[in-house]
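Residue numbers (the numbering used here), protein chains in the order written: chain A, 3 to 653; chain B, 3 to 348. Beta carbons are placed, not taken as given, at the ideal position from N, Cα and C, and that holds for glycine. Everything numeric in this text was worked out from a predicted model, so none of it was measured. What follows is a single structure, written as structure tokens, with notes after it.
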């Protein structure tokens, strides 16, 4: 390895590629040996100066995102895994003061490592899964060795603290899919039960998370198992039940997580009055009113959808009642239709394949539907590359639940969705292609059934726009998402060249349409689709992304912010150059992402507006525009700037 | 001409060919840069396998029987004549003949023919080609850096199996021919009027110790022999190339740069070219036995792009190389041989 590192160091920049394989191979072999991590750590500085990381993201350790290490360490590509391992060992050397790094301080390095450990906790406590063994072979053991070595150096205390913070950060966005979070909490519980692991004082913050799943109330404090808990309920009087009900409700509203015991209680309470049901869901007067008005419907929904396995939908049901959408005339009958719905064999098969045989597929779908209707902003696109479909589902759940329910029926019962584009019908069945039929394992039940249809229709709409000038979203978005998407369309990128155009005018128009100080204090009425240029934590362009603008208003610190929905599974993202998307603490509602108006405008490239509105350009001050353009210039616009001239003349 | 003039204006002294196809380009440019029109002709000699053989023969170097083929009938006639010369009777298995496209590098376009039926399989675009009789013997290659007509460094590369594996320096059995090999290479340098640069000839040594010339290239060898040399001797062979080609390099600089052959080697470095053995493959899987061998150093194999393995069209177009390094040449040789029986793609 030393020889290989030396020859890499000696090679000129253009020749490093040739020398790399030997370094990578020797690193891989050293890491497989006992004491390999320590050996690599000692050589970390030489490896980096020799140019191991040149041309990769690891070359700039300050931009690395701990959460992404999960993917790297489990990668089937050995080189990716080795680079991640070496990078972590390098940061350990930096954290311990053995290596003075120009770009990261010891504190930053230590912090990064504890986060890496936190998000990869499962590697510390569980042997490789079959999938890991299949994909990584012996390398699966290396990632474990690495983490054991790191944790021995860093200590559990810090790791757990980070993990708990991370879980709370994700939970504050109230995702529908909480399996990952539950797994992490389970890992913490396992660690706490292990006497060899010294957790220090930090473990205390984890208590609330663990108890929210496994020992929420007096009746299940010691995690007795659902059977025993059920028999205990029989012997409780009303005041004891009331105590249980409020305990679960408080925990659920606090964390967004639902304990399986909660589902047992709720089913049990079907035999009691509405009052205790309402208490168990922690309903406010609005929710309680919905429950009383539609008590039979709600009881049926609980009866059919709420099981130990699908407990999480209790939270969806609760919020559905709180949103008051049952008062929209079509919604209650549509839910009755859903309760009696016969699923197509294909739908049943898909649901069973992903969620397992119990409870039956219909219960899974119902529970998923309750979650989607209760938490429209909790939908995540999973590993699915088409963000448009997740955005559409979310928008319908938020703005037009009736339409969502209708679409779901078409997909689940008929295996076909028909949408119209410029007067012509598009059937998802006719345009079926092989690519979108792959099974996604990380989607909620509703997305699982509906998204493949939407993806096909969306792709077909795109095909019908081939050959037209400009960006096809001008025509697709309003037809795909709903009538409320403005037919007016504005883009600041020239599609043919990728260069920015009319930046000033684009921004003034956006201010005029959306900024309350420039549009007569008019709040956003309907959720509007918009396109943003996503950048990474080094402000480099990553790709175009679909989001929904939900609100624009002043935050508690009196900063004008745009609140939006991001179909990505985690909205809290660092887009570089100080643009950090907030998910809590700036007046965000659950599931909303937010940015100050200027920063948001700097990443925006497509927005819609109502063409019938006057559309006068806002007289935004030059200084403010320049700030926005500054953000733009320092990030994705860096190499897209138009030739200076036209922009200044208009002033 | 335009390139040569431009380079001259920019103060370039010499052009160095790196790939087979650039040999005559470099020759053309150098004839301008060094004001020596014969350099172009020389490079043509080194590019055309037929001219090359003739020139070698003229210089008194032993070569096998060879002829040019312009069409398939020529091939059939040559095959018959060669076997007639060898006094084969009807029904005896034919001795094979070798066919090589005139201007392709190394093993590209190299095929072996035993029966007239196989002649039909030759694609049209490989004509004209050189036909040679088959030489039974031990094939090896030489890398020689030449400066002012003098050999500054001569390496002998031993093939374990042609087209699969090579290692440097060679085993003592082959190295014992070094004095004779050096004489042969000197003869070659004289015959081809080579003043400076780098040559990569191939020879056969027959069981009675006779050397036969195969061919010579005026460019770095394939199979990453330069990498192997750097691994074992520690000098950068491309750097050496620059020194040998540069007319301004002094003899002192040359002597200071090159190590002493064989004695200065830190071990033996070899590589193995991987070909998938199965017709359908789905992924890369380096055998544990290879990966865990003390001599194994690295590989440059990549995941398969397609599941169907296309039939090998020639020697040398392997899917990637494995590198080995170790003390003992015999262990290394056996290890390289062993790799031929392993599956790297499954």
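Got a sec, what are the start and stop residues for the alpha helix (DSSP H) residue i sits in?
{"i": "residue 541/A", "result": "From DSSP, residue 541/A is part of no alpha helix (DSSP H); its letter is neither H nor E."}
{"i": "residue 32/B", "result": "25-35"}
{"i": "residue 222/A", "result": "No alpha helix (DSSP H) holds residue 222/A; DSSP gives it neither H nor E."}
{"i": "residue 186/A", "result": "181-195"}
{"i": "residue 266/A", "result": "262-271"}
{"i": "residue 141/A", "result": "141-156"}
{"i": "residue 253/A", "result": "240-257"}
{"i": "residue 464/A", "result": "447-466"}
{"i": "residue 175/A", "result": "Careful: residue 175/A lies outside any alpha helix (DSSP H) and carries neither H nor E."}
{"i": "residue 296/A", "result": "Unbroken run through residue 296/A: none, as it is neither H nor E."}
With distances taken between CB atoms, is the gap from residue i to residue j smaller than 9 Å?
{"i": "residue 114/A", "j": "residue 66/A", "result": "yes"}
{"i": "residue 308/A", "j": "residue 265/A", "result": "yes"}
{"i": "residue 162/B", "j": "residue 339/B", "result": "yes"}
{"i": "residue 580/A", "j": "residue 601/A", "result": "yes"}
{"i": "residue 213/B", "j": "residue 220/B", "result": "no"}
{"i": "residue 402/A", "j": "residue 484/A", "result": "yes"}
{"i": "residue 93/A", "j": "residue 62/A", "result": "no"}
{"i": "residue 169/B", "j": "residue 236/B", "result": "no"}
Have a look at the options and flag the residue whose alpha-carbon is nearest the alpha-carbon of residue i.
{"i": "residue 606/A", "options": "617/A, 554/A, 533/A", "result": "533/A"}
{"i": "residue 229/A", "options": "210/A, 270/A, 497/A, 161/A", "result": "270/A"}
{"i": "residue 40/B", "options": "197/B, 134/B, 161/B", "result": "197/B"}
{"i": "residue 418/A", "options": "359/A, 214/A, 346/A", "result": "346/A"}
{"i": "residue 178/B", "options": "153/B, 224/B, 169/B, 158/B", "result": "158/B"}
{"i": "residue 25/A", "options": "299/B, 320/B, 347/B", "result": "299/B"}
{"i": "residue 448/A", "options": "473/A, 464/A, 410/A", "result": "410/A"}
{"i": "residue 23/B", "options": "50/B, 242/B, 307/B", "result": "50/B"}
{"i": "residue 592/A", "options": "240/A, 400/A, 78/A", "result": "400/A"}
{"i": "residue 379/A", "options": "393/A, 223/A, 172/A, 465/A", "result": "393/A"}
{"i": "residue 387/A", "options": "397/A, 495/A, 571/A, 356/A", "result": "571/A"}
I'd like to know whether the C-beta of residue i is nearer than 9 Å to at least one C-beta of chain B.
{"i": "residue 42/A", "result": "no"}
{"i": "residue 18/A", "result": "no"}
{"i": "residue 352/A", "result": "no"}
{"i": "residue 653/A", "result": "Legend: pLDDT at residue 653/A = 36, less than 50; position of this residue unreliable, value from coordinates given subsequently. No, residue 653/A does not count as interfacial toward chain B."}
{"i": "residue 83/A", "result": "no"}
{"i": "residue 23/A", "result": "yes"}
{"i": "residue 649/A", "result": "Residue placement at residue 649/A is flagged as unreliable, the pLDDT there being 39, under the threshold of 50; a coordinate-derived value is accordingly withheld."}
{"i": "residue 9/A", "result": "yes"}
{"i": "residue 6/A", "result": "yes"}
{"i": "residue 59/A", "result": "no"}
{"i": "residue 15/A", "result": "no"}
{"i": "residue 446/A", "result": "no"}
{"i": "residue 236/A", "result": "no"}
{"i": "residue 12/A", "result": "yes"}
{"i": "residue 636/A", "result": "no"}
Is there a Cβ from chain A that is less than 9 Å from the Cβ of residue i?
{"i": "residue 229/B", "result": "yes"}
{"i": "residue 341/B", "result": "no"}
{"i": "residue 325/B", "result": "yes"}
{"i": "residue 177/B", "result": "no"}
{"i": "residue 232/B", "result": "yes"}
{"i": "residue 215/B", "result": "no"}
{"i": "residue 238/B", "result": "yes"}
{"i": "residue 207/B", "result": "no"}
First and last residue of the beta strand (DSSP E) that includes residue i?
{"i": "residue 147/B", "result": "140-149"}
{"i": "residue 530/A", "result": "530-537"}
{"i": "residue 113/B", "result": "112-115"}
{"i": "residue 201/B", "result": "199-207"}
Short-range partners of chain A found in the region 254-272 of chain B, where Cβ spacing is below 7 Å: none
The region 281-308 of chain B: positions lying closer than 7 Å to chain A by Cβ: 299, 300, 301, 302
Chain-ordered residues of the region 26-39 of chain A with a beta carbon less than 8 Å from chain B: 26, 27, 28, 31
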